[in-house]
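*Asks:*
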Amino acid sequence: MSISSRAKHVSRMVGGVGLFGLCTAICVTSGCSSDFSSCEDAKTCPEAAGGSGGSGAGTAAGAPATNGGSDTAGASGAAEGGAPASAGAAGTVEAGAGGEAGAAGGTATPECVTAADCDDHIACNGSETCVMGACQAGTAPCTNPDAAHCDVLCAEGTNGAVCTVQGQDKDHDTFLSKLCAAKPGTDCDDNSATTHPGAPELCDHIDNDCDGKVDLSDGLTVSGKSEQIGSTASATRSAPSIAWATDRSVYGVLYYDGSSSTVGDVFFETFDKTGVAQVGSEVINAAKTTNPSGTGLTFSGSFGAVWAILSGTGVYFSEITSAGAATATPIQVADIGDSASPRIARVPNDNWAVMWNAFSGGPVPNVWVNTISPAGVPGMRNANGGGINPTLIASGSRFIAVFDDAGAALGESVSSSFDDQKPLTLTGSKPVVGGSANGYAIVTVASSGTPQLSSYNASGTLLCGPVNIADTSFVPTAIVATQSGYLVVSSGILRVQEILANCGLGQLFTVDPGPAANVTIAGSAAGYGIVWQDTNAAAPKRHLFGPNFCN
């Protein structure tokens, strides 16, 4: 057999007989016998002796045969997965055979054997591990105790990761959150870039500079100014009351002015939240009276106005629209003489209620109440045999009435007709009540002289309190509900104590040096108005300020 014939025969044997796996390479050399089959059966030669064909179908193809050979022998290597052998140079002694075919789908080299093979030498990444020949990422060594308010920083240290916890800076004002308990910063509101230590205090009911003080308590001043009600000072002008009309967003003010000798002496006017007059002063009563001893005003769809005569014919009522239209003739609520300090409230779309003192010539004044139907028909109730300084408000479908009886605070929750009386449990003296349809608050003065406030829902369930407010020089005279609690005002030096919904204390600020008497307050989300009698100026005054008090 010629050399070329042997090469072809070998090529056929490799491809057809299936020598894959039996020998590394078929040896075709001058060392073999002339009998081809005996060489095939008996001799396995090193890889260098033949062509270095494909080393595996699943990995890289084999390199071309290094010995000379024909292109046919090279093709045999390609048939088993190897690259074709290079054609042998002419005249070589033996034809190069195709290399051994690689195993189909050869095994991949593992990524790692031990964890050390995976270590990236970064401690803040955690310790990497080797699992079944593959590297697994480590667990970060630093944990965050409060992801809502804290950040955790990791630094590479000599002995491993160094973890540092600090407050977040979500608002990017460079001040860290005060709420990170592990390491608090100084920013009391990390959601607002305008709130941080050193920030200017704004009139927004927020502690902008994080010093624990808000607005007026932190140096801002109450807005508005104290102004006289009426055109001139007069010793005959007195006893103002104020209420807020929701339908036209105006304040109504009722007061007495006896300076004229020809017209009545109870006047009514309205003005907007900035103090601009909407309804000029107009006379409410048809005839001049003498010795007025107080007025009362409320709003529930319309204004309810009452006034009392200290020596004369009792208590009168008039209903007034927010546009200033009053009933033609005031209704006489009671003809009891020596009446004083009237107060009025209305259960929405139902009865009005009037409460007042009536001395009737006796040594102890009586507290009287009267209901007035929607048709203007009065009825009579005697609330208590003694007592002074009554206050009255409507909350829900009931009236809440309180007064002082010989130094003891008394109060009752009654139906819209003043039936079904439910005595209130009160302590201290000099009670004052105020509120809205959703609930009410009562302030009394403890035996120590400290005012105390308790808050109730409309059904009379205690929500919070009693809590001490202001100080012993604070003499509570009126209460108004706010968006977040109550404002309590004092007589004497006209001061205001803010009470939060949970009975926490808000701002305490001075509105006017006074001395102030007959103080009443009204308000809404638009702001607040206070009226009082300035005993030095002998004239009623008013002061308006915004919902944040300094705006």
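Using our numbering, read the sequence shown as starting at 168 and increasing by one per residue.
Glycine included, each C-beta is placed from N, C-alpha and C at the ideal position.
Since the model is a prediction, treat every value here as computed from it, not as a measurement.
Whose C-beta lies closer than 8 Å to the C-beta of residue 279 among residues of the same chain, with five residues either side of it excluded?
*Replies:* Here the set comprises 285, 297, 300, 301, 302.
*Asks:* Which term fits residue 376, buried or exposed, when burial requires 16 or more other beta carbons within 10 angstroms of its beta carbon?
*Replies:* The residue in question, residue 376, is buried, as its Cβ has 16 or more Cβ neighbours within 10 Å.
*Asks:* What is the DSSP secondary structure of residue 304, reduced to helix, strand or coil?
*Replies:* Of the three classes helix, strand and coil, the one that applies to residue 304 here is coil, per DSSP.
*Asks:* Among 557, 464, 532, 460, whose alpha-carbon lies nearest the alpha-carbon of residue 519?
*Replies:* Out of 557, 464, 532, 460, 464 has the C-alpha closest to the C-alpha of residue 519.
*Asks:* Kindly indicate the opening and closing residues of the beta strand (DSSP E) around residue 448.
*Replies:* Counting along the chain, the beta strand (DSSP E) containing residue 448 begins and ends at 444 to 450.
*Asks:* Assuming residue 598 contacts residue 569 under a Cβ cut-off of 8 Å, what Cβ separation, rounded to an integer in Å, is found between them?
*Replies:* So it is a contact: roughly 4 Å between Cβ atoms.
*Asks:* Closest to residue 287 by C-alpha separation, out of 305, 566, 276, would be which residue?
*Replies:* Closest by alpha carbon: 305.
*Asks:* If I follow the unbroken beta strand (DSSP E) through residue 372, where does it start and stop?
*Replies:* Where residue 372 is concerned, there is no enclosing beta strand (DSSP E), given that its DSSP letter is neither H nor E.
*Asks:* Excluding the 5 residues flanking residue 209 on each side, which residues of the same chain have their C-beta closer than 8 Å to its C-beta?
*Replies:* At residue 209, the pLDDT of 40 sits below 50, so the modelled position is not reliable and the matter cannot be decided from this model.
*Asks:* Quick one: is residue 622 buried, meaning 16 or more other Cβ sit within 10 Å of its Cβ, or exposed?
*Replies:* Classification of residue 622: buried, given that the 10 Å Cβ count is 16 or more.
*Asks:* Pick helix, strand or coil for residue 591, following the three-state DSSP scheme.
*Replies:* If DSSP states are grouped into helix, strand and coil, residue 591 belongs with coil.
*Asks:* Measuring alpha carbon to alpha carbon, tell me which of 345, 283, 555, 349 ends up nearest residue 364.
*Replies:* The candidate whose alpha carbon is nearest that of residue 364 is 345.
*Asks:* Here's a check: name, in chain order, each residue in its chain whose Cβ is nearer than 8 Å to the Cβ of residue 452, leaving out the five neighbours to either side.
*Replies:* Excluding sequence neighbours, residue 452 sits near 431, 432, 433, 474, 483, 485, 497.
*Asks:* Is residue 635 helix, strand or coil by DSSP?
*Replies:* In this structure, residue 635 counts as strand in the three-state DSSP scheme.
*Asks:* Would you check if the distance between the CB atom of residue 674 and the CB atom of residue 382 is smaller than 8 Å?
*Replies:* The answer is yes: Cβ separation under 8 Å.
*Asks:* What is the residue span of the beta strand (DSSP E) that residue 522 lies within?
*Replies:* Note, residue 522: beta strand (DSSP E), 519 to 525.
*Asks:* Pull the bridge partners of residue 600 from the DSSP assignment, please.
*Replies:* Per DSSP, 609.
*Asks:* Which residue's Cα is closest to the Cα of residue 612: 620, 435, 525?
*Replies:* Among 620, 435, 525, the Cα nearest to that of residue 612 belongs to 620.
*Asks:* Quick check: the region 639 to 650 against the region 687 to 699, are at least 3 beta-carbon pairs closer than 8 Å?
*Replies:* Cβ pair count under 8 Å is three or more, so yes.
*Asks:* Would residue 614 and residue 632 qualify as a contact pair, given that the criterion is a beta-carbon distance under 8 Å?
*Replies:* Not closer than 8 Å, so no.
*Asks:* Going by DSSP in three states, residue 584 sits in which element: helix, strand or coil?
*Replies:* In this structure, residue 584 counts as coil in the three-state DSSP scheme.
*Asks:* Alpha carbon to alpha carbon, how far is residue 436 from residue 508? Give it in angstroms, no decimals.
*Replies:* Their Cα atoms are separated by approximately 20 Å.
*Asks:* Considering just the uninterrupted stretch of the beta strand (DSSP E) at residue 318, what are its terminal residues?
*Replies:* 317 to 324 is the span of the beta strand (DSSP E), which, as asked, contains residue 318.
*Asks:* Pick from 517, 682, 606: whose alpha carbon is nearest that of residue 545?
*Replies:* Closest option to residue 545, Cα to Cα, is 517.
*Asks:* Go ahead and label residue 538 buried or exposed: buried means 16 or more other beta carbons lie within 10 angstroms of its beta carbon, across all protein chains shown.
*Replies:* When all chains shown are included, residue 538 counts as buried.
*Asks:* As a quick exercise: from 321, 713, 706, pick the residue whose alpha carbon is nearest that of residue 394.
*Replies:* Residue 394 has its Cα closest to that of 706, out of 321, 713, 706.
*Asks:* Around the Cβ of residue 320, are there at least 16 other Cβ atoms within 10 angstroms (buried) or fewer (exposed)?
*Replies:* Residue 320 comes out exposed.
*Asks:* Is the beta carbon of residue 463 within less than 7 Å of some heavy atom of the ligand GDP?
*Replies:* Looking at this structure, you won't find the ligand GDP or any other ligand, since it has none at all.
*Asks:* How would you call residue 414, buried or exposed, if buried means at least 16 neighbouring beta carbons within 10 angstroms?
*Replies:* That one is exposed.
*Asks:* Can you look up residue 292 in the DSSP assignment and give me helix, strand or coil?
*Replies:* Helix.
*Asks:* Measure from the alpha carbon of residue 535 to the alpha carbon of each residue in 543, 548, 541, then state which is nearest.
*Replies:* The option with the nearest alpha carbon to residue 535 is 548.
*Asks:* From which residue to which residue does the beta strand (DSSP E) around residue 330 run?
*Replies:* 327 to 334 is the extent of the beta strand (DSSP E) around residue 330.
*Asks:* Which class does residue 284 belong to by DSSP, given the choice of helix, strand or coil?
*Replies:* Helix.
*Asks:* I'd like to confirm the pairing. Which residues does DSSP put opposite residue 538 in its beta bridges?
*Replies:* Bridge partners of residue 538: 520.
*Asks:* Can you tell me the Cα-Cα spacing of residue 562 and residue 384, whole angstroms?
*Replies:* One C-alpha to the other measures close to 31 Å.
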